[in-house]
Structure formats: C-alpha cells, structure tokens
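J.:
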Ligand SMILES: [Zn+2]
C-alpha cells in the first residue's frame, strides 16, 4: 500500500454529465458558477472565470465552432421549420420572407450566449481531463495532452 500524505485529499472530479448540465445552463464547466459572461453584458466573455480562474476567452479561432453551431441551430430550428410551414401552405410568401429575415438576425443574437457555452461544453466533453479540477499529478512518462 502506498503511503499517503495528510494534505492529499481526493478532489471531486467533474463528470461528463456535469459538463453537459453546466454547458446547457451557461455555467463555468470547471466550478459550475454563472461566470462565463461579464456581469450586465450580453456578449462579453470573461477572460477567466472569476471564481476558479479557468481560461474562458481563447485563441481567436476557438469560438469559430460556436458560430457554426449558432448558424446550424438558426437554420435547423428556425428557418427550416418556417420554410416547411410555408411549403405546407400554412403562411403566405410575404409573411415567411419577413419572418425569415427578422429571425435570421434575431435568433443568432438570442442564441449567442448559449452557443458560446455549448461550444465550451463540447470541448470539455471531449477532453474532460483538461479541466483544472480534473487534473492530477502526471507521471514522468505521461504527456498532459493524452
Ligand atoms: Zn469557474
């Protein structure tokens, strides 16, 4: 049996289920606090989580995925359904054009915060061991990216 030192206590690990729950509710994937965005701001991400210091703002390319996600959700959940409604004869061409134009602008704005949070959730869902709370001491022959 390996000796343990008194200051080593097992840290609570964050599971993939918790990462998804936190992502869907726009919370920090590491500590679970509502700290992704600056207080009172709709669009501005914090550079790091004020509670646990998890880096939130990333390289410029990181959140390109969240933009794609946002477009995909806008098309899949808004534009395609109203197009189908139009094709089924439920609404006129003028109304569907106005709804599509307005929705194509408003839907991505309303979904902006969720798309950022979902993208961060997606990242940590794939590599949950990259969360600071899930990290442990590496053995000498281990690489942090494995
Ligand atoms: Zn945090």
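In my numbering, the protein residues as written are 1 to 146. C-beta atoms are modelled at their ideal positions from N, C-alpha and C, and glycine is treated no differently. Just so you know, these numbers come straight off a predicted model, no measurement behind them.
(1) Looking only at its own chain, which residues have a Cβ that is under 8 angstroms from the Cβ of residue 16, when we skip the five neighbours before and after it?
(2) Determine, using beta carbons only, whether residue 78 and residue 107 come nearer to each other than 8 angstroms.
(3) Taking Cβ to Cβ, would you say residue 57 is nearer than 8 angstroms to residue 45?
(4) Let me have the residue list for ligand 1: C-beta closer than 5 angstroms to any non-hydrogen atom, ordered along the chain.
(5) Going by DSSP, name the residue or residues bridged to residue 45.
(6) To the nearest angstrom, how far is it from the Cα of residue 131 to the Cα of residue 20?
(7) Give me the DSSP bridge partner(s) of residue 55.
(8) What's the C-alpha gap between residue 28 and residue 40?
(9) Rounded to the nearest angstrom, what separates residue 54 and residue 92 at their Cα positions?
(10) State the start and end residues of the unbroken alpha helix (DSSP H) segment that holds residue 133.
(11) Under the assumption that residue 26 contacts residue 113 (Cβ atoms under 8 angstroms), give the Cβ distance between them as a whole number of angstroms.
(12) Should residue 34 go down as buried or exposed, given a rule of 16 or more other Cβ atoms within 10 Å for buried?
(13) Here's a check: name, in chain order, each residue in its chain whose Cβ is nearer than 6 angstroms to the Cβ of residue 115, leaving out the five neighbours to either side.
(14) Are the Cβ atoms of residue 73 and residue 37 separated by less than 8 angstroms?
T.: Answer, in terms of the structure:
(1) Closer than 8 angstroms at Cβ, skipping near neighbours: 125 and 128.
(2) A contact, by the Cβ cut-off of 8 angstroms.
(3) Yes; because the gap between Cβ atoms is below 8 angstroms, this pair is in contact.
(4) Environment of ligand 1, chain-ordered: 28, 30, 31, 49, 51, 52 and 54, taking every residue with Cβ within less than 5 angstroms of a heavy atom.
(5) Residue pairing by DSSP puts residue 45 in a beta bridge opposite 37.
(6) If I take the Cα positions, the gap works out to 13 angstroms.
(7) 48.
(8) CA-to-CA, the gap between residue 28 and residue 40 works out to about 17 angstroms.
(9) Near 49 angstroms, if we compare the C-alpha coordinates of residue 92 and residue 54.
(10) Careful: residue 133 lies outside any alpha helix (DSSP H) and carries neither H nor E.
(11) Contact holds; Cβ gap of about 6 angstroms.
(12) It is exposed - the Cβ of residue 34 has fewer than 16 other Cβ atoms within 10 Å.
(13) Only 66, 69 and 70 meet the Cβ criterion.
(14) Going by C-beta atoms, residue 73 is not nearer than 8 angstroms to residue 37.
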